[in-house]
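Under the working numbering, the residue at position 50 of the sequence shown is numbered 57, and the numbers go up by one with no gaps. Using N, Cα and C, we set each Cβ at its ideal position, and we do this for glycine too.
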Amino acid sequence: MMAQAGEDYVFINGQSERPVAMILFYLAMAWMLGTVAADLLALPLSPWVAG
(Lines of atoms letter the chains of each structure in order from A and count residues from 1; the text may use other names and numbers.)
(Lines give C-alpha, C1' and ligand atoms only; values in the text may rest on other atoms or scores of the structure.)
Protein backbone atom coordinates (compact mmCIF):
# COMPACT_ATOMS: atom_id res chain seq x y z
CA MET A 1 0.00 0.00 0.00
CA MET A 2 2.84 2.38 0.80
CA ALA A 3 4.62 1.39 -2.39
CA GLN A 4 1.45 2.11 -4.33
CA ALA A 5 1.09 5.49 -2.61
CA GLY A 6 4.74 6.21 -3.42
CA GLU A 7 4.17 5.41 -7.07
CA ASP A 8 1.13 7.68 -7.13
CA TYR A 9 3.16 10.45 -5.49
CA VAL A 10 5.93 10.15 -8.07
CA PHE A 11 3.40 9.99 -10.90
CA ILE A 12 1.48 13.06 -9.72
CA ASN A 13 4.45 15.28 -8.92
CA GLY A 14 7.08 13.88 -11.27
CA GLN A 15 9.86 15.61 -9.33
CA SER A 16 11.79 12.74 -7.79
CA GLU A 17 12.08 9.02 -8.40
CA ARG A 18 12.19 8.39 -4.65
CA PRO A 19 9.25 9.76 -2.63
CA VAL A 20 11.52 11.04 0.14
CA ALA A 21 9.23 13.98 0.89
CA MET A 22 6.25 11.66 1.33
CA ILE A 23 8.23 9.40 3.69
CA LEU A 24 9.36 12.38 5.77
CA PHE A 25 5.80 13.70 5.81
CA TYR A 26 4.46 10.37 7.09
CA LEU A 27 7.22 10.17 9.71
CA ALA A 28 6.50 13.70 10.91
CA MET A 29 2.76 13.02 11.04
CA ALA A 30 3.28 9.75 12.94
CA TRP A 31 5.61 11.52 15.40
CA MET A 32 3.11 14.34 15.91
CA LEU A 33 0.22 11.93 16.45
CA GLY A 34 2.39 9.86 18.77
CA THR A 35 3.28 12.83 20.95
CA VAL A 36 -0.35 14.00 21.06
CA ALA A 37 -1.52 10.50 21.98
CA ALA A 38 1.18 10.26 24.66
CA ASP A 39 0.06 13.60 26.13
CA LEU A 40 -3.58 12.51 26.12
CA LEU A 41 -2.68 9.19 27.74
CA ALA A 42 -0.52 10.95 30.33
CA LEU A 43 -3.32 13.29 31.44
CA PRO A 44 -5.23 10.72 33.53
CA LEU A 45 -1.96 9.24 34.86
CA SER A 46 -0.35 12.57 35.79
CA PRO A 47 -1.62 12.67 39.43
CA TRP A 48 -0.21 9.20 40.14
CA VAL A 49 3.01 9.84 38.23
CA ALA A 50 3.57 13.23 39.88
CA GLY A 51 2.52 11.99 43.30
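query: According to DSSP, is PRO51 part of a helix, a strand, or is it coil?; result: helix
query: Just the Cα atoms here: how many angstroms apart are ALA44 and TRP38?; result: 10 Å
query: Count the other C-beta atoms from every protein chain shown that fall within 10 angstroms of the C-beta of PRO26, then say buried if there are 16 or more, exposed otherwise.; result: buried
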